[in-house]
Structures are given as C-alpha cells and as structure tokens.
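Number of protein chains: 2
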Amino acid sequence: MSAVLDLADALIVFTPSGKRGRFPLGTPVLQAARSLGVDIDSVCGGRGLCGRCQVVVSEGEFAKHGVTSSSESLTPISEPEQRFARRMKLEPGRRLSCSTKLLGDVVIDVPQSSQVHRQVVRKAAEAREIDLNPLVRLYYVEVREPDMHEPSGDLRRLEEALEREWQLTGLSCELQVLQTLQPVLRKGEWKVTVAVHDEKTILGVWPGLKDAVYGLAVDVGSTTIAAHLCEILTGEVVASAGLMNPQIRFGEDLMSRVSYSMMNPGGAAQMTIAVREALNELAIEVAREANIAVEDLLEITLVGNPIMHHLILDIDPVELGGAPFALSTDMAVNLPARELGLKLHPNARAYVLPCIAGHVGADAAAVMLAERPDLADKLTLIVDVGTNAEIILGNKDRLVACSSPTGPAFEGAQISCGQRAAPGAIERVRIDPVTLEPRFRVIGCELWSDEPGFAEATKKTGVTGVCGSGIIEIIAEMYLSGVINQDGVIDGDLSARSSRIVPNGRTFAYVIADNGTVDLKITQNDVRAIQLGKAALYAGIKLLMERLGVDHVERIRLAGAFGSHIDVKYAVVLGMIPDCDLEFVDSAGNAAGTGARIALLDATSRATVENLVRIVEKVETAIEPRFQEHFVDAMAIPHKTASYPHLSKVVTLPASKPSASQNETRGRRPRRA
Amino acid sequence: MSAVLDLADALIVFTPSGKRGRFPLGTPVLQAARSLGVDIDSVCGGRGLCGRCQVVVSEGEFAKHGVTSSSESLTPISEPEQRFARRMKLEPGRRLSCSTKLLGDVVIDVPQSSQVHRQVVRKAAEAREIDLNPLVRLYYVEVREPDMHEPSGDLRRLEEALEREWQLTGLSCELQVLQTLQPVLRKGEWKVTVAVHDEKTILGVWPGLKDAVYGLAVDVGSTTIAAHLCEILTGEVVASAGLMNPQIRFGEDLMSRVSYSMMNPGGAAQMTIAVREALNELAIEVAREANIAVEDLLEITLVGNPIMHHLILDIDPVELGGAPFALSTDMAVNLPARELGLKLHPNARAYVLPCIAGHVGADAAAVMLAERPDLADKLTLIVDVGTNAEIILGNKDRLVACSSPTGPAFEGAQISCGQRAAPGAIERVRIDPVTLEPRFRVIGCELWSDEPGFAEATKKTGVTGVCGSGIIEIIAEMYLSGVINQDGVIDGDLSARSSRIVPNGRTFAYVIADNGTVDLKITQNDVRAIQLGKAALYAGIKLLMERLGVDHVERIRLAGAFGSHIDVKYAVVLGMIPDCDLEFVDSAGNAAGTGARIALLDATSRATVENLVRIVEKVETAIEPRFQEHFVDAMAIPHKTASYPHLSKVVTLPASKPSASQNETRGRRPRRA
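Protein chains in written order, with this note's numbering: chain A, 172 to 844; chain B, 172 to 844.
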C-alpha cells in the first residue's frame with residue numbers, strides 16, 4: 172500500500188535551502204514550497220499574475236540529494252505562464268512556481284529575487300547587507316460579491332478573503348480605505364490588491380493586481396535633506412534626491428534655530444512648516460524621477476538630529492536649548508504620515524527613528540543601525556561629522572556615545588575660501604616640503620594641477636574654492652611641510668623662502684591657487700577654525716575612550732558625506748581622530764541614510780535600533796569637566812600628548828615644538844552649534 | 172509567634188462585597204481594599220487629592236462577620252482629609268480610604284459612588300442598569316525630573332511613572348500629547364493627570380489633578396440628532412440636547428438623500444459636511460450647558476441608520492440605494508474623532524456602532540444593546556418606529572431583524588392636520604360610539620376637552636393639530652366607534668347622524684375639532700396613509716414571526732419617541748403590532764440613545780453589540796415574496812385574519828365585515844422611504 176503511494180509521489184528538493192519533501196504528482200511547486208516552509212514570494216496568491224514566485228529547474232543528477240532532475244519532471248509551460256511572459260517577460264528557464272506542477276523528482280532553485288526575506292546588496296563601502304522584511308505587503312484577493320440573502324458589509328467580505336487566501340486575521344482598516352472600498356471593489360470586479368501594514372492594518376486597496384509599493388528613507392540634516400525612494404518589496408533604490416533644508420533661513424546652525432523659536436512666538440511652528448514642505452517637495456521629486464505617483468509611497472522613515480527630530484514632529488525644541496537638554500521622547504515614533512503633514516499615500520505610515528539623548532539624535536541611531544558596532548569584536552569608533560559630530564565608541568561588550576560641537580568648519584563654512592563640494596572645488600592637495608609649492612585636484616577633473624592639460628580641463632569650472640575634504644588635506648599638508656607648526660601658527664619667516672606665504676593683516680596666509688581674479692588662500696583664522704573643530708571632535712572621542720578606559724581604538728568608521736570624501740590619513744595627521752592602523756580606518760558612506768533605509772526595508776531592524784539607543788551609554792560633553800581639558804590638549808596638531816605609532820609608519824611627522832601661543836586658546840570653549 | 176502577629180493585625184471587612192482580610196495596624200484602608208480586590212476608585216493614586224476613594228465606617232457589632240466596628244478602629248481625620256473637605260466637601264461619616272489607617276477591627280462600607288465598576292441607574296422606563304466600565308480613565312502621577320547624567324525623554328519618564336504608580340505598560344502616545352508634553356509637565360511641576368484609552372493609548376495630559384472627563388452619546392436620526400453628555404467616570408448624564416438634522420435640506424427622507432448623492436457629484440460629501448457641522452454644534456451646545464469645554468470631551472459614540480452611518484463616515488451611500496444594498500462595513504468603526512471632522516479633545520476617540528444590514532442600522536444595534544432581547548426568556552418584539560421601522564424579534568434562543576418602510580405618517584407627516592409633538596397638539600382622543608362626539612387632550616394641558624376650564628387652559632396654545640400618537644388614537648377610536656369600518660372606509664351614511672362626518676371631495680372626513688379658524692379633520696387619505704404605514708410595519712413583524720415559526724409574541728417593547736407617547740392599546744387596536752397581553756407591552760424609551768450611552772460608558776458592551784449584530788438573522792423585506800401578501804392582509808383594521816384574544820378582553824372590537832373596497836390597495840407596495 173505504501174509502495175503504491177510512493178509511486179504516485181515525487182521528491183522535490185529546493186535549493187539553496189535544501190528543504191525537501193514528497194508530494195503527490197500534480198502538486199503545484201509553490202504549494203510544495205509553502206508546505207515545506209520554503210520562502211517563495213507571491214502577491215497574487217498563486218494565480219500566475221504577479222510573477223514573483225519564479226523558480227529555476229536544476230537539470231542533472233544530484234547524488235547528494237538522491238535525485239535526477241529535469242525540466243520534464245514538471246508540467247509544460249502553462250497558459251498563465253505564457254500570458255505572463257507575453258505581458259511582463261519571463262527569462263528562459265524560469266517557471267512560475269504557482270502554475271507549474273510536479274510530474275517527477277526534481278531539484279528546484281529559488282533565486283534570491285523570488286524570496287520574500289531576501290537580502291539587498293549594499294554598496295561596497297557599506298558594512299553589511301540589508302535583510303528584506305517589509306512591513307507593508309501586498310495581497311491580491313478575490314472577494315465574494317454581496318448577497319441580499321446573507322447581508323454582510325464589503326469590508327467583512329474583503330477580510331474574509333484575506334483570511335481565506337492569506338491567513339490574515341484580526342485586521343483593522345483605515346477610514347480612507349473604507350471610504351473608497353465600494354467603488355474600488357466594483358471597479359476591480361471583486362478582484363483587488365490590498366496593502367497591509369504589519370499584518371494588522373489595511374492601508375490601501377486597488378482594483379486588480381498591483382505588484383509594487385514604495386517607501387522613502389529620509390535623512391533630515393540641518394543643512395541638507397536627502398531621500399532615497401525604495402521599492403519596498405524588492406529593496407531596490409529606485410530614485411534619490413536631496414535639497415537644502417529651507418530652515419536655513421531661520422538660522423544657519425541648530426542653536427540659532429532654537430534661539431529663533433525662543434525669540435519668536437510660533438517660530439518653531441514656522442520651521443516645522445518649512446521642513447515639512449521640503450519633505451513634500453522631495454517626495455514629489457523622487458516620485459517623478461521613479462515615474463510613480465506620490466500616492467504609491469506607503470512608508471517613510473525619518474532620521475535627524477534631535478532639533479530636526481522635534482521640528483519634524485512639530486514639537487517645540489526649546490528644552491533642547493538648555494540644560495538638562497530633555498528630549499520630548501527618546502522612543503521611536505510610529506504614526507500615520509499624514510499627521511506629519513506629509514502628502515504621500517493617504518494612509519502612508521511614518522517611522523521616526525529614536526533619538527539617543529538631547530544632543531545625540533536619530534541620525535546617530537541610524538548610523539548605529541547601519542554600522543552595528545554592538546556586533547563588532549574590534550573596539551570601533553564611529554564618527555559622523557557635521558556641524559555637530561556624533562561619536563559612538565565600543566564593541567559587542569559596551570557602547571558609549573556623545574555629540575561634540577565641531578562647528579561648521581569641516582563643511583567648508585567659516586573658511587575664507589570654503590565652498591560646497593561642487594565642480595571646481597579643490598578636494599586633494601599636496602605641498603612640496605622643500606619648495607612649499609602646492610599641487611591639487613578639483614572636483615570634476617581627474618588631473619592634478621601640475622599635470623599637462625589641467626588648465627584646459629578646468630577651463631569651464633575654474634578653480635573656485637576649497638571643499639570640506641580639501642581643507643583637511645591643505646591644513647594637514649601645511650603641517651607636514653612645516654608651513655604651520657604644531658600650534659597651527661603659520662610661519663611668517665617662510666615668506667622669505669616662498670611667495671606662497673603672504674602677510675594677511677597681523678598674521679600670514681598660504682596662497683594655494685590664483686584663479687585669475689582672486690587668490691585662494693588659507694588664513695591663520697582658517698587654521699584656527701579647523702583646530703577648534705578638530706579639537707572638539709577629538710575631545711569628544713577622548714571622553715568616550717576614558718569612559719571605556721581604553722587608550723586606543725582598533726577600527727574607525729567615518730560616516731557622512733565628509734567621511735566619504737576624506738583621505739583618512741589626513742584626518743589622523745590633523746588629529747581629528749586618534750591614531751589607528753590605517754587599514755582599519757575607512758568610510759561608512761552615508762550611514763545615517765543607510766540606517767533610515769534599513770528601518771524602511773527590514774521591520775525587525777526597528778526593534779534593533781530601539782534597543783541600541785537604550786543600551787548605548789550617553790555622555791553629555793557639556794557637563795563633563797574633562798571635556799575642556801581634552802579640548803585644549805587637542806588644539807595642537809595632531810595632539811599635544813598623544814602618540815601616533817601607526818601614523819608614523821605612513822608619514823613623517825614634524826618634530827614637536829609647542830610654542831607659547833598655544834595658550835591663546837586656553838579658556839575658550841567651543842559653543843554648541 | 173503567630174499569636175503575636177495576630178495581635179498586631181486588624182480584621183477588616185468590606186461591605187457590600189463581604190471581602191475580608193487581616194492587615195498590620197497602620198495599613199491604609201485603600202491599600203487593604205486593593206490587596207483584597209475590593210473595587211474602590213482613585214484617580215490621584217492615594218494622595219488624598221481626588222476624593223474618589225470615600226468609604227463609610229459601619230459602627231456596631233457584626234456577629235455575622237465576628238467583628239465589633241467603630242470609627243475608633245481608624246486613625247483620626249487626617250490632614251489630607253481636612254484639606255479635601257475644605258476644598259471639595261466631605262459628607263459627615265465619610266472618610267478618604269487612602270488617608271485612613273487601620274487601628275483595629277472594622278467594617279467598611281464602600282458606597283456605589285466610590286466603585287470603579289458601579290452601575291448607573293437608568294430611568295424607570297428602561298430595562299436595566301448600565302455597568303460602568305469606562306474606556307478612558309484618568310491617572311494622576313508624579314514624574315521624575317530630567318537628569319543630564321542619565322538622559323531620557325520626558326515621555327519615557329511619564330510612562331515610567333504610569334507603570335510604577337498604576338501598573339500600566341506598553342502604552343502608545345498620541346502625537347499631540349507629545350507636542351504638548353514638555354510645557355504641561357513643567358507647568359504642573361512634574362505632577363500631571365493622564366487620560367489613557369483602553370489601557371493602551373495616552374490621549375491627554377493635564378498639569379496637576381484633573382478628576383473628570385466627559386463623553387458624548389449621539390443618536391443621528393434622519394430628522395433629528397440627539398446627544399447626551401456624560402461624565403465618563405461616574406456615568407452621570409450632565410447635559411442633553413437635540414437639533415434638526417441639517418441634511419433635511421437635501422431631502423426629507425433617506426431615499427431622497429441617497430438620490431441627491433446619486434444625482435449630484437459631491438452630493439454625499441455635502442451631506443457629510445452638514446451632519447458633521449451639526450455634531451460639532453451639538454457638542455458646543457451640550458458642553459456649554461454642562462459648563463465644560465468641548466476639549467473635555469474625550470469620547471463620542473454614534474448610532475444611526477445605515478445611510479446616516481455612511482454619511483457620518485464620509486462614505487458615499489450609493490450602494491445602499493439599490494439591491495443588493497451592500498454596506499461598506501457591518502463592523503464597528505473605532506477611530507480618532509478628528510478623522511470624522513469632530514472638534515472635541517484633539518485626541519478624542521469615536522466609536523460608531525455597527526450596522527446590522529443594508530436597511531437595519533447602528534440605531535437598531537443600539538436598541539438591541541439597550542434592550543438585550545438575547546437575554547430574554549419571553550419571545551420579545553422590539554419595534555422602533557420612524558420613517559422606517561426597525562423590527563427585532565426573538566429571545567435567548569434566536570433573534571431576527573428587519574426594517575420596514577412605514578413612511579412618515581406615524582411622525583405626523585402626510586397627515587392633513589398632522590404636526591410635531593408640541594403644545595396645542597392633540598395627543599389623546601376618545602369618540603363616543605353613540606353620539607360620535609370626540610373628546611381629546613392636547614399637549615401642555617391636563618384637562619380633557621369636555622372638562623370645565625379647557626378652553627381657558629388652552630387659550631394660549633390653541634388646538635393646532637394632531638401629533639403622531641394622537642393620530643393613532645383617533646383612527647383607532649374611529650374604528651372602535653364605527654366611523655370607519657375594517658377596511659378603513661369612512662362611513663358616509665353616518666353624516667346623517669352626526670355633523671362630525673362631512674363630505675370631503677368624493678369621500679368623507681371626520682371633524683375632530685374646530686379651532687376657530689379651521690376644522691381639524693381626519694380625511695379618507697389620512698386614514699389610508701396610516702393604513703399603509705401600519706400594514707408595512709405589521710408585514711415586517713409577520714415576516715419575522717414566520718421566520719421564527721411563531722404565531723404570537725409574548726412581550727412587545729416600543730422604542731423611540733413614538734413608542735414613549737403612544738397608548739399601546741391603540742397600537743394593537745389599529746393592528747400596528749400583533750395581539751399581546753397588554754401587561755407585557757410597554758415603551759422602551761429612547762432605546763437607540765440609551766444604547767449609544769451604554770457603548771460610551773461600558774467598554775465591555777462594545778463586544779456585546781458587535782456580537783449581537785453578527786448573531787441576529789437578517790431578513791430583507793425587499794426580496795421576501797410574502798411581504799406583499801402580509802402587507803395586503805394587514806391593510807384591514809386591525810387585520811384581515813389575525814385573532815386578538817388579549818385585546819378582546821380590554822376593548823370591544825366591532826364585528827368584522829370586509830368590503831370590496833379592500834381591493835383598492837392590492838398590488839400597491841410601499842416605497843422604502
């Protein structure tokens with residue numbers, strides 16, 4: 172009897188999972204996969220419409236699996252597959268597993284792209300892949316028509332279909348869905364696609380089959396706002412865009428915006444309106460680029476520093492303007508996007524990542540989510556440099572974080588010839604230690620300034636200024652070539668030796684380029700601004716190292732636009748960051764934006780980040796008495812006392828000779844910007 | 172050892188629960204109650220502020236409890252009690268159980284008003300008491316101040332306090348609360364009262380102690396909207412008001428409003444705006460009457476027929492205008508009131524009771540909740556007469572429901588001398604079977620028209636028309652006195668005998684009063700209108716009786732304004748409702764409004780009504796072939812074939828003599844209005 176049954180069964184082996192089972196001949200491959208718990212996606216519920224359940228037959232003998240597999244072990248290309256192939260394109264060798272039935276033993280490969288919980292490949296610079304666990308999913312259903320003899324509401328019959336076909340129960344439904352449900356059901360002739368959030372709430376209903384929904388991951392910086400539009404079910408980044416934060420008109424830096432709200436009744440609300448308008452503009456822009464409607468955006472995740480976080484939520488940031496810097500909330504905020512005035516799908520959901528502390532925002536939380544220092548063995552330092560630097564230090568044993576007021580110098584502001592990173596901006600610099608002559612490269616041109624054809628190649632853009640990463644290199648090279656000493660003082664005596672050193676008021680300046688109309692020069696004030704910024708950054712790092720009782724770090728990750736463009740060696744030369752084996756110092760890319768994208772695509776990551784912000788120990792630089800001390804010591808280049816064993820292997824540091832002028836900075840304390 | 176412990180303990184017995192236990196001397200009475208599970212309310216958490224935990228000492232010997240109790244078994248009046256008594260008034264003999272400690276054995280009585288889950292006494296006419304299980308509760312907490320050394324958001328510290336003091340965990344928080352939290356905490360000096368919905372969501376935060384919140388129970392009728400404002404924590408009705416449904420300008424009856432929405436693009440939305448504006452007006456009116464702010468309204472429950480239900484929710488009722496009469500939803504709708512455009516507290520919650528079927532609305536569901544026929548032993552008929560009658564029949568074994576298009580005649584419309592129930596309207600009538608002379612009473616006067624002083628007493632109001640209940644009595648009395656026969660035909664031959672019978676076109680009329688300027692008369696058309704309405708009602712009832720396979724009912728409840736004023740005997744004489752022992756026929760009062768109030772005050776009732784609408788079997792009169800047959804039979808007065816054993820004991824029914832004229836109504840079918 173059992174032998175007879177076996178004859179009528181076929182062995183199916185799924186790769187790469189290795190899951191296997193015997194099923195009666197005629198069983199659809201998708202059904203076999205489901206009963207074995209093999210992860211195959213489907214929006215249409217096995218109707219051959221959505222094409223998400225594609226599989227590939229592995230042909231040949233598989234001794235390991237004890238099976239000989241061939242495409243003849245399956246039913247021939249079916250009618251739904253032909254229809255789908257005509258409509259959408261079906262790669263050769265691919266089958267729709269819902270419309271393909273077992274005729275014999277077979278090995279079936281499930282490609283990544285057909286898995287629900289697949290991984291999204293991140294850029295090379297980035298640490299790990301994103302697991303895809305979308306919170307919003309689509310379900311195609313056929314709904315029973317109304318029947319007078321057994322009256323029941325359209326919503327109930329929709330929910331019955333979702334339970335019957337997708338085992339979804341206990342759903343709630345947004346009012347707007349209820350308001351449009353009846354015409355949509357009738358337009359779709361009782362076949363509709365339903366978007367369900369978190370297996371709990373019906374967010375949208377569309378007539379017929381809809382197979383893509385989108386989400387927006389946004390990093391709201393004080394200066395710029397950047398957004399990535401992703402296809403939620405595949406994780407693909409479909410479009411990206413950025414724009415200036417229009418709040419700049421209320422104040423360049425964060426503190427001046429808090430002041431604005433304190434001095435002007437309704438000021439905070441004005442800034443809220445401004446940032447929300449920008450978010451809506453950005454949504455329209457990326458949607459246009461992706462050729463979709465903003466109404467197709469069903470989710471948005473938002474990260475930002477605490478002030479931006481509060482202003483997005485329309486919470487007056489006044490408490491963040493003074494001690495004890497109390498956040499309104501340090502928890503994630505999960506709510507309908509419309510409550511933030513965002514014009515996406517009417518029921519789109521917003522998830523605002525949690526802040527860490529009054530000065531350490533949701534952007535830093537997102538960086539942690541992208542970098543996961545809590546999984547690292549090596550003692551890892553993560554630095555996200557902006558007008559404030561967010562600093563995270565630790566590993567799987569313990570994590571500490573703080574924020575340090577570096578000021579806007581690293582962003583090219585407050586530097587006499589500073590400018591945004593744009594074509595024509597100097598980004599790479601070398602200074603000959605003998606002649607003191609510089610050579611440089613500008614954005615938009617692959618040639619160095621001393622190579623033939625440079626003038627021709629940069630004719631269009633010109634050489635317009637120095638961007639953030641350029642300023643680091645110039646000051647570091649000025650130090651390495653002896654133009655400035657450890658205290659940052661430009662050596663006026665050198666003006667006798669080089670026309671690059673010129674008087675500038677009561678101090679001197681270094682002329683890096685003459686762009687025809689004006690000299691681009693680095694003044695003593697420029698050097699001071701960078702010293703103040705880097706000292707604040709280093710002091711913050713040092714506080715965290717003290718908190719952990721360590722005297723060196725094993726790995727450094729530089730996050731943000733700044734971190735992406737900088738030559739890390741120069742950051743160490745300048746003493747922005749502590750000495751470290753340069754092999755283990757690299758860019759983390761736009762980690763805050765990546766964190767926002769992870770929170771968008773991987774539902775489980777939200778619990779992770781909510782936990783991370785809880786376990787990380789917060790250090791408040793403003794009340795740490797040793798911050799000032801570390802700050803003063805860090806004014807020297809690279810540092811008054813720290814040693815640089817790793818760096819010394821790579822560059823030759825000038826001999827240390829601190830002068831009395833160092834005292835001029837004593838007692839100054841950077842203002843939180 | 173145990174004896175020593177006993178000496179230091181005191182026995183406390185709580186009445187009426189009888190719960191008892193021994194506690195160490197010095198234990199606060201409230202704390203003893205809590206550990207015994209005795210239900211005593213408290214908003215302030217035992218701080219002697221809110222006064223909700225009042226108890227009374229029972230003095231004397233209680234052999235049954237084995238205890239001698241006296242006020243000396245408790246600590247003397249405490250400082251908090253004195254403060255409370257100065258501020259709020261504390262009745263003599265009452266103690267605040269939080270501020271009173273055990274000194275010896277004692278019997279403590281917990282008055283109803285100090286219980287959380289107390290019952291609210293309903294009016295005599297109404298069936299049962301309302302259990303108080305408010306969904307929104309208030310919690311007074313003291314919140315830890317922010318600390319830079321251990322940064323945490325204000326919301327987290329609020330939630331910690333709610334967990335520490337009230338064991339509330341896993342709360343979510345409305346955005347608006349987050350937006351106001353920081354100033355409120357500081358204004359209240361870290362002492363605030365929190366409103367929590369369903370032990371899940373923080374709806375509001377106020378500085379200091381707040382000890383009352385309010386809710387609104389609203390019955391949205393096609394013609395009038397009525398609201399009761401209740402104190403949610405006590406169940407007390409604080410104010411009531413009603414106003415005309417402004418949708419009347421789009422159509423008198425429901426079907427003309429559906430037509431309006433079909434004929435006019437945006438017509439449904441216009442009606443939605445109109446009804447929501449009326450709800451906001453009503454909220455302002457009752458709040459003013461109760462001397463509170465509309466922002467103190469934290470909940471609203473809404474009932475209405477299916478069209479009103481859909482229009483309140485901004486759902487186009489077009490599908491309800493034709494077969495198969497599909498509801499958008501037959502489930503309860505639970506959402507923030509602001510999503511309905513209601514301007515109450517910004518986070519007020521709305522609960523819209525579920526509809527039963529396309530023609531049987533949330534008002535009928537509310538009637539079921541108020542009447543609970545599912546608990547009855549007796550086979551109970553519930554009738555709510557409006558322009559449509561909602562009919563429910565059954566008992567604990569089985570329930571059926573339908574709606575029947577009675578038309579507006581019972582509301583005094585379509586009756587030549589009909590008017591609203593207002594001073595001057597005839598409401599009671601007797602006709603002398605010999606002289607055919609009428610006597611009557613009008614609203615606003617206790618005298619009958621043939622009593623001395625009637626003319627004087629009604630001089631101010633006059634006799635202006637006949638109201639809904641008056642019309643029932645007149646037609647029934649006309650039948651009992653032989654003015655009309657079983658077919659409803661006014662006997663013109665009687666004009667020879669009485670000047671009350673006068674020609675009126677090709678038929679006759681009965682003059683009931685001459686108010687000086689015009690004769691108030693009942694025309695043949697008036698009789699027909701009532702016959703059509705009552706036949707539709709009876710036919711609906713008959714359908715339900717057939718569905719249950721019964722030929723009589725044991726109990727009749729008449730709901731709504733109509734049911735409250737009618738003399739039930741005449742409703743049976745007229746054949747509106749089937750024969751029944753008159754002892755078991757009575758008014759259910761405004762049962763729909765009561766149902767809305769129950770849903771407001773008793774959270775558990777919501778599951779009850781949601782279940783009731785599921786288990787009740789729906790009968791669609793529009794597709795029941797026997798409806799027409801029952802309708803024609805019911806045109807006769809009281810009925811063509813039914814027998815009236817109970818009624819015959821109370822009145823003498825004229826001998827049956829049907830005439831050919833009955834045929835004139837055959838083939839007419841009432842239009843759903």
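Every residue gets a Cβ at the ideal spot worked out from N, C-alpha and C, and that includes glycine.
The structure displayed is predicted, hence computed values, not measured ones.
Chain B residues whose Cβ lies nearer than 9 Å to that of residue i
i, result
"Pro495/A", "Glu316, Pro317, Asp318, Met319, His320, Pro322"
"Met502/A", "Gly324, Leu326, Arg327, Glu330, Cys344"
Cutoff 8 Å: residue i Cβ touching any chain A Cβ
i, result
"Leu506/B", "yes"
"Gln418/B", "no"
Within chain A, partners of residue i - CB distance below 8 Å
i, result
"Gln353/B", "Ile486, Asp487, Val489, Glu490, Ala497, Ser499"
C-beta neighbour in chain B for residue i, strict 8 Å
i, result
"Glu561/A", "no"
"Arg447/A", "no"
"Gln585/A", "no"
"Gly208/A", "no"
Straight-line gap, residue i to residue j (C-alpha atoms, nearest Å)
i, j, result
"Glu370/B", "Thr394/A", "41 Å"
"Val787/A", "Ser323/B", "12 Å"
"Met426/A", "Arg357/A", "55 Å"
"Gly704/B", "Leu453/B", "31 Å"
"Gly192/A", "Val227/A", "18 Å"
"Ile183/A", "Phe194/A", "8 Å"
"Ala295/A", "Ser574/A", "Model confidence at Ala295/A stands at a pLDDT of 42, short of 50, so the residue's coordinates are unreliable; what they give is reported in the following sentence. Using only the alpha carbons, I get a separation of about 28 Å."
"Asp302/A", "Ser268/B", "56 Å"
"Val209/A", "Asn304/A", "15 Å"
"Pro825/B", "Asp697/B", "21 Å"
"Thr694/A", "Phe611/A", "18 Å"
"Ile597/B", "Pro488/B", "37 Å"
"Asp424/B", "Ala700/B", "16 Å"
"Asn435/A", "Arg543/A", "40 Å"
"Arg327/B", "Ser776/A", "21 Å"
Contacts of residue i in chain B (Cβ-Cβ under 8 Å)
i, result
"Leu306/A", "Neighbours of Leu306/A on chain B: none; closest Cβ ~16 Å, over 8 Å."
"Leu349/A", "Leu484, Ile486, Ser499, Thr500, Val504"
"Glu510/A", "Leu346"
Neighbour list for residue i in chain A, Cβ cutoff strictly below 7 Å
i, result
"Leu273/B", "None at all; the shortest Cβ gap to chain A is about 41 Å."
Interface partners of residue i on chain A, CB under 9 Å
i, result
"Glu470/B", "Near Glu470/B there are no residues of chain A at all, since even the closest Cβ is about 17 Å away, more than 9 Å."
"Gln702/B", "Result: empty, since nearest Cβ-Cβ is about 28 Å, beyond 9 Å."
Min CB distance residue i to chain D below 8 Å
i, result
"Trp337/B", "Looking at the structure shown, chain D is missing, and the protein chains on hand are A and B."
Check distances from the C-beta atoms of the region 525-547 of chain A to those of chain B and list, in chain order, the residues that come in under 7 Å.
For chain B, the residues of the region 525-547 of chain A that bring a beta carbon within less than 7 Å of one of its beta carbons are Ala528, Gly529, in chain order.
Against chain A: residues of the region 768-799 of chain B by CB proximity under 7 Å:
Cβ contacts with chain A come from Lys789, Glu791, Ile794.
Unbroken stretches of the alpha helix (DSSP H), 4 residues or longer, contained in the region 641-726 of chain B
Qualifying alpha helix (DSSP H) stretches, in chain order: 695-719.
Chain B contacts made by the region 575-600 of chain A, where a contact means CB separation under 8 Å
So the list is empty, because no residue satisfies the distance condition.
What are the complete alpha helix (DSSP H) segments, minimum 4 residues, inside the region 312-338 of chain A?
Taking only runs of at least 4 residues, the alpha helix (DSSP H) segments lying wholly in the region 312-338 of chain A are 325-337.
Length-filtered (4 minimum) alpha helix (DSSP H) runs lying within the region 174-241 of chain A
Runs of the alpha helix (DSSP H) inside the region 174-241 of chain A: 200-207.
Start-end ranges of the alpha helix (DSSP H) lying completely within the region 334-421 of chain B, minimum 4 residues
Along the length of the region 334-421 of chain B, whole alpha helix (DSSP H) runs at least 4 residues long occupy 346-358, reported in chain order.
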